[in-house]
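Presented below is the structure to which this report refers.
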Amino acid sequence: MSNQRKRLTGEREDEDDEDAEGIGEWERAYVDDRSWEELQEDESGLLRPIDNSAIYHAQYRRRLRMLSAAAAGTRIQKGLIRYLYIVIDFSRAAAEMDFRPSRIAVMAKHIEAFIREFFDQNPLSQIGLVSIKNGVAHTLTDLGGSPETHIKALMGKLEALGDSSLQNALELVNEHLSQVPSYGHREVLILYSALCTCDPGDIMETIQKCKKSKLRCSVIGLSAEMFICKHLCQETGGLYSVAVDEVHLKDLLLEHAPPPPAIAEFAIANLIKMGFPQRAAEGSMAICSCHKEVKIGAGYMCPRCKARVCDLPTECTICGLTLVSSPHLARSYHHLFPIAPFDEVPAFSSLNDSRRTLGKSCFGCQQSLIGTGNKPGPCVTCRKCKHYFCLDCDIYIHESLHNCPGCESIHRPKSVSLMEE
Amino acid sequence: MPSVAFKQYSDDVSLLVLLLDTNPLFWSNTSITFSQFLSHVLAFLNAVLGLNQLNQVIVIATGYSSCDYIYDSSLTSNHGNFERSGTGMPPLFASLLKKLEDFVTKDEELSREEGHEDRTPSCLLSGSLSMALCYIQRVFRSGHLHPQPRILCLQGSPDGPEQYVAVMNSIFSAQRLMVPIDSCYIGVQNSAFLQQASYITGGVHHTPKQLDGLFQYLTTIFATDLHSRGFVQLPKPIGVDFRASCFCHKKTIDMGYICSVCLSIFCEHHKKCSTCGSVFGQSKLDEASSVSDKKRKAPHT
Numbered sequence: 001m002s003n004q005r006k007r008l009t010g011e012r013e014d015e016d017d018e019d020a021e022g023i024g025e026w027e028r029a030y031v032d033d034r035s036w037e038e039l040q041e042d043e044s045g046l047l048r049p050i051d052n053s054a055i056y057h058a059q060y061r062r063r064l065r066m067l068s069a070a071a072a073g074t075r076i077q078k079g080l081i082r083y084l085y086i087v088i089d090f091s092r093a094a095a096e097m098d099f100r101p102s103r104i105a106v107m108a109k110h111i112e113a114f115i116r117e118f119f120d121q122n123p124l125s126q127i128g129l130v131s132i133k134n135g136v137a138h139t140l141t142d143l144g145g146s147p148e149t150h151i152k153a154l155m156g157k158l159e160a161l162g163d164s165s166l167q168n169a170l171e172l173v174n175e176h177l178s179q180v181p182s183y184g185h186r187e188v189l190i191l192y193s194a195l196c197t198c199d200p201g202d203i204m205e206t207i208q209k210c211k212k213s214k215l216r217c218s219v220i221g222l223s224a225e226m227f228i229c230k231h232l233c234q235e236t237g238g239l240y241s242v243a244v245d246e247v248h249l250k251d252l253l254l255e256h257a258p259p260p261p262a263i264a265e266f267a268i269a270n271l272i273k274m275g276f277p278q279r280a281a282e283g284s285m286a287i288c289s290c291h292k293e294v295k296i297g298a299g300y301m302c303p304r305c306k307a308r309v310c311d312l313p314t315e316c317t318i319c320g321l322t323l324v325s326s327p328h329l330a331r332s333y334h335h336l337f338p339i340a341p342f343d344e345v346p347a348f349s350s351l352n353d354s355r356r357t358l359g360k361s362c363f364g365c366q367q368s369l370i371g372t373g374n375k376p377g378p379c380v381t382c383r384k385c386k387h388y389f390c391l392d393c394d395i396y397i398h399e400s401l402h403n404c405p406g407c408e409s410i411h412r413p414k415s416v417s418l419m420e421e
Numbered sequence: 001m002p003s004v005a006f007k008q009y010s011d012d013v014s015l016l017v018l019l020l021d022t023n024p025l026f027w028s029n030t031s032i033t034f035s036q037f038l039s040h041v042l043a044f045l046n047a048v049l050g051l052n053q054l055n056q057v058i059v060i061a062t063g064y065s066s067c068d069y070i071y072d073s074s075l076t077s078n079h080g081n082f083e084r085s086g087t088g089m090p091p092l093f094a095s096l097l098k099k100l101e102d103f104v105t106k107d108e109e110l111s112r113e114e115g116h117e118d119r120t121p122s123c124l125l126s127g128s129l130s131m132a133l134c135y136i137q138r139v140f141r142s143g144h145l146h147p148q149p150r151i152l153c154l155q156g157s158p159d160g161p162e163q164y165v166a167v168m169n170s171i172f173s174a175q176r177l178m179v180p181i182d183s184c185y186i187g188v189q190n191s192a193f194l195q196q197a198s199y200i201t202g203g204v205h206h207t208p209k210q211l212d213g214l215f216q217y218l219t220t221i222f223a224t225d226l227h228s229r230g231f232v233q234l235p236k237p238i239g240v241d242f243r244a245s246c247f248c249h250k251k252t253i254d255m256g257y258i259c260s261v262c263l264s265i266f267c268e269h270h271k272k273c274s275t276c277g278s279v280f281g282q283s284k285l286d287e288a289s290s291v292s293d294k295k296r297k298a299p300h301t
């Protein structure tokens, strides 16, 4: 009877929850929010919001400096065709609530964003998902190129129980990735929440096996730094990082989306046969090979076996030919031809002639570069075309656009082409 | 007052960035003259500004050797000058015409500095697209209330293949920002870049057949704001060719070979990649690790 009463009035249920937990739902919002941390005192003691843009830009410059120091003049090869397995730890440590609302929910949300970003930046690569539950590793999805299948499989099984076993996960992934063609780069990204690993055998042997099969393992820890994870990443040439909060976790995850610098011996260069299908004619009817249904109009025809497929990039189910379109290849070209980072212009430099003529406004967005009180504000300049850009354009150009507007606005004679053919 | 501004920002407020082709190599032999073309364009810009009080128009000129901002309707300095420019043009666009004239003279000077041998007829589409995207990014940063941006490319010059990577980068960035790139091609050959740009970003591509009626094409097709495109019939994309061209012969191919290191496209099997120099099919590591797999036989006694 009391149960029925609780179900009838939803508010009663809430009140019961309140009494149980000690805080009401409206109070919970403030516990998570922590809006007082975003305020700062200025010179006269008045409150003002923190100026995030300068901090943000300083972080971005630091990141760019680290990347360019690594690349320093030489053209580093990048592994563009990647076969990545994401291993998610669903042991009882993943049910911890230190990430709001729980580690599992945060991990699932960020992994979904990562999968979409990954396929955006690496259209020819494939992802597979593996979960560790009760000390056993299960394959959630096999290697595939469609983001929707992976996300659906991930969201279907979000529960945490049992121990975590690093060795079982590595063995399973190793077995799957041994069947991958030799020109692909094999990678594993492990999201580890537990503080220990319960293994059936010697994990050091497994690590050596991974190293021999050229598998690059990276780990993102959610709780604390562990020796075994660090050792694994060092041995296989991967990246180990530990997240301190949700935002940091997302940043660390998205760092793995662009292709990592490839070690030349890891993947054998090979010519891969690919097809470039044409769009099927409007109004043509065919049975598509992916859904086994009759479809009219939009779709593509495999050039080798003339089977109809709905989406690109995909592998033809009939003849196995990889089907792509030229924009998919073009998405990866900016990794091969990166633009050089812009130089910072010291904010209080004297207004010399070039700065006075060119530096009044940002070349990209026409925003004024004169700061408060008619002094030159912070800006950056491109080494090649000598144009000035504001800080926001700098971030946008290097992270999303990958073209310097100034360099593109200079006519280059026909003999010098970007592709160096 | 934010509440009043919110009411004024209806669904159909748009920010139009117009990329105007001023390539002298193209305009030297066309059916309409540049000044006739300009009169169509200026009438079109007036029409767009008249559709909604909050509409904004930016004009970027795509030249042969440079690109620059010509007109920004949100700047108040436009309205101060009421002198007639002498050609009968409304005073609203006096500053536009002045800046365009300055730009064309400067562009001509810059192109004269280079040699006359390598005269590719293409204009700098990638430069003006990049500038347009930087401006749109600035608009997005300005807060929640902003017009819906789109880009319109009015071009006649053919594609320059050396700009392929830069143009594709701009197209993907526009796709991420959800900014449609419309294109109106008034040249002779077909422009594959513009067709792909409009298809990938969800814009409209059209090649007007009769350039005398350019104003009519512009107002009926390209003046529609993004919200109204849901219920207005616009030209549908027909047969965009997404096939790649091989790097060795530049012919479009149906099936080809891709280098796994640098993604260069070849039509036939090669021993070595001409772009990155990697040799195919050769393993650098010793394959003799299979020796350890063999079981040790017990010695015969």
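Line by line, the protein sequences give chains A and B. So in full-length UniProt numbering, spot 239 of the first sequence is number 239, and the numbers just go up one at a time. So in full-length UniProt numbering, spot 111 of the second sequence is number 111, and the numbers just go up one at a time. The beta carbon of each residue, even a glycine, is placed where N, CA and C say it ideally should be. Because the structure is a prediction, the values reported are computed rather than measured.
Alpha carbon to alpha carbon, how far is residue 335(B) from F222(B)?
Because chain B here runs from 1 to 301, residue 335(B) falls outside it and cannot be looked at.
Looking only at its chain, what residues have a beta carbon closer than 6 Å to the beta carbon of A286(A), apart from the 5 residues adjacent to it on each side?
For the purposes of this step, residue 286(A) is identified with residue 286 of the first sequence, where counting begins at 1. The residues are R308.
Measuring CA to CA, which of I151(A), P101(A), P181(A), A137(A) is closest to D163(A)?
Here residue 163(A) corresponds to residue number 163 of the first sequence, with the count starting at 1. With distances taken between Cα atoms, D163(A) lies closest to A137(A).
Around the C-beta of S35(A), are 16 or more other C-beta atoms found within 10 angstroms, so that it is buried, or is it exposed?
For the purposes of this step, residue 35(A) is identified with residue 35 of the first sequence, where counting begins at 1. That one is exposed.
Could you tell me whether the segment 172 to 192 of chain A touches the segment 144 to 159 of chain A, where touching means 3 or more Cβ pairs closer than 8 Å?
no
Which value, in whole angstroms, describes the spacing of the CA atoms of S142(B) and H411(A)?
For the purposes of this step, residue 142(B) is taken as the residue at position 142 of the second sequence. For the purposes of this step, residue 411(A) is taken as the residue at position 411 of the first sequence. Rounded to whole angstroms, S142(B) to H411(A) spans 32 Å at the Cα level.
Can you pull the chain A neighbours of Y64(B), defined as C-beta to C-beta under 8 Å?
Taking the first residue of the second sequence as position 1, residue 64(B) is located at position 64. Correct list: H411.
Bounding residues of the beta strand (DSSP E) (the contiguous stretch that carries L154(B)):
The count along the second sequence starts at 1 and reaches residue 154(B) at position 154. Note, L154(B): beta strand (DSSP E), 148 to 155.
Can you give me the start and stop residues for the alpha helix (DSSP H) that Q195(B) sits inside?
Residue 195(B) sits at position 195 when you count from the first residue of the second sequence. Q195(B) -> alpha helix (DSSP H) spans 192 to 201.
Compare the beta carbon distance of A243(A) and M168(B) with 8 Å and say whether it is the shorter of the two.
On the first sequence, residue 243(A) is found 243 positions in, with the first residue counted as 1. On the second sequence, residue 168(B) is found 168 positions in, with the first residue counted as 1. Against a cut-off of 8 Å, the Cβ pair of M168(B) and A243(A) comes out as no contact.
I'd like the ranges of any beta strand (DSSP E) spanning at least 3 consecutive residues and lying wholly in the segment 199 to 276 of chain A.
216 to 221, 240 to 242, 271 to 275
Could you give the distance in angstroms between the alpha-carbon of C305(A) and the alpha-carbon of L321(A)?
What you label residue 305(A) is simply residue 305 of the first sequence in a count that begins at 1. What you label residue 321(A) is simply residue 321 of the first sequence in a count that begins at 1. If I take the Cα positions, the gap works out to 9 Å.
Cα-Cα separation between E282(A) and V294(A), rounded to whole angstroms
Taking the first residue of the first sequence as position 1, residue 282(A) is located at position 282. Taking the first residue of the first sequence as position 1, residue 294(A) is located at position 294. Roughly 14 Å between the two C-alpha positions.
Please classify M419(A): does DSSP put it in a helix, a strand, or coil?
Within the first sequence, the letter at position 419 stands for residue 419(A). Bear in mind that the predicted position of M419(A) carries a pLDDT of just 40, short of 50, making it unreliable; the figure below should be weighed with that in mind. Of the three classes helix, strand and coil, the one that applies to M419(A) here is coil, per DSSP.
Out of curiosity, what's the CA-to-CA distance linking F103(B) and S73(B)?
The residue labelled residue 103(B) in the question sits at position 103 within the second sequence. The residue labelled residue 73(B) in the question sits at position 73 within the second sequence. So the two alpha carbons sit approximately 18 Å from each other.
Contact list for the segment 148 to 180 of chain B against chain A, Cβ threshold 7 Å
E162, V165, A166, M168, N169, S170, F172, S173, R176
Are the C-beta of P341(A) and some C-beta of chain B separated by less than 8 Å?
Here residue 341(A) refers to the residue found at position 341 of the first sequence. Not closer than 8 Å to any Cβ of chain B, the Cβ of P341(A) fails to qualify, so no.
Evaluate V13(B) with the Cβ neighbour count: other Cβ atoms within 10 Å of its Cβ, from every protein chain shown; 16 or more gives buried, anything less gives exposed.
Residue mapping note: residue 13(B) aligns to position 13 of the second sequence, counting from 1. With 16 or more Cβ atoms within 10 Å of its Cβ, V13(B) is classed as buried.
Ranges of the alpha helix (DSSP H) found wholly within the segment 136 to 200 of chain A, counting only runs of at least 4
147 to 156, 166 to 177
Best match in E148(A), K157(A), A280(A) for proximity to D89(A) [C-alpha to C-alpha]
Stepping through the first sequence from its first residue, residue 89(A) is reached at position 89. When only C-alpha atoms are compared, the closest one is K157(A).
Kindly indicate the opening and closing residues of the beta strand (DSSP E) around D21(B).
Position 21 of the second sequence, counted from the start, is the residue given in the question as residue 21(B). 14 to 21 is the span of the beta strand (DSSP E), which, as asked, contains D21(B).
Can you confirm whether Y135(B), when its beta carbon is compared against all beta carbons of chain A, has any partner nearer than 8 Å?
Here the question's residue 135(B) lines up with position 135 in the second sequence. Taking Cβ atoms only, chain A reaches closer than 8 Å to Y135(B), which makes this a yes.
Spell out whether any CB of chain B is found under 8 Å from the CB atom of D392(A).
For the purposes of this step, residue 392(A) is identified with residue 392 of the first sequence, where counting begins at 1. So, interface residue.
Taking 8 Å as the CB-CB limit, is F93(B) close to chain A?
One-based indexing of the second sequence puts residue 93(B) at position 93. No, no contact with chain A.
Rounded to the nearest angstrom, what separates H176(A) and V188(A) at their Cα positions?
Numbered from its first residue, the first sequence carries residue 176(A) at position 176. Numbered from its first residue, the first sequence carries residue 188(A) at position 188. If you take the alpha carbons of H176(A) and V188(A), they lie about 11 Å apart.
Counting only C-beta atoms, is D212(B) closer than 8 Å to chain A at any point?
Walking along the second sequence from the start, residue 212(B) turns up at place 212. No, D212(B) lies away from the interface with chain A (no Cβ there is under 8 Å from its Cβ).
Give the secondary structure of D120(A) by DSSP, where H, G and I count as helix, E and B as strand, and everything else as coil.
Residue 120(A) sits at position 120 when you count from the first residue of the first sequence. Helix at D120(A).
Provide the residue span of the beta strand (DSSP E) that contains V380(A), from first to last.
The residue given as residue 380(A) occupies position 380 in the first sequence. Residues 379 to 381.
Under 7 Å (Cβ pairs) to chain A, residues found in the segment 122 to 133 of chain B:
L124, S126, G127, S130, M131, L133
Please report the residue range of the alpha helix (DSSP H) in which V188(B) lies.
Stepping through the second sequence from its first residue, residue 188(B) is reached at position 188. No alpha helix (DSSP H) contains V188(B), which DSSP labels as neither H nor E.
Taking H248(A) as the reference, which of G221(A), A267(A), C233(A) has the closest Cα?
Along the first sequence, one-based indexing puts residue 248(A) at 248. It is G221(A) whose Cα lies nearest to the Cα of H248(A).
Ends of the beta strand (DSSP E) at V59(B)?
Counting from 1 along the second sequence, the entry for residue 59(B) is found at position 59. From DSSP, the beta strand (DSSP E) with V59(B) extends over 56 to 62.
So which residues of chain B does L80(A) contact, with C-beta pairs closer than 9 Å?
Here residue 80(A) refers to the residue found at position 80 when the first sequence is read from its first residue. Within 9 Å Cβ-Cβ: S260, V261, C262, L263.
Less than 8 Å between the C-beta atoms of F119(A) and P101(A), yes or no?
Reading the first sequence from its first residue, position 119 is the one you call residue 119(A). Reading the first sequence from its first residue, position 101 is the one you call residue 101(A). It is not a contact, given that the beta carbons lie outside the stated cut-off.
Name the chain B residues that come within less than 8 Å of M285(A), Cβ to Cβ?
Reading the first sequence from its first residue, position 285 is the one you call residue 285(A). Correct list: empty, because the minimum Cβ distance to chain B is about 18 Å.
Interface residues of the segment 209 to 239 of chain B facing chain A [CB-CB below 7 Å]
G239
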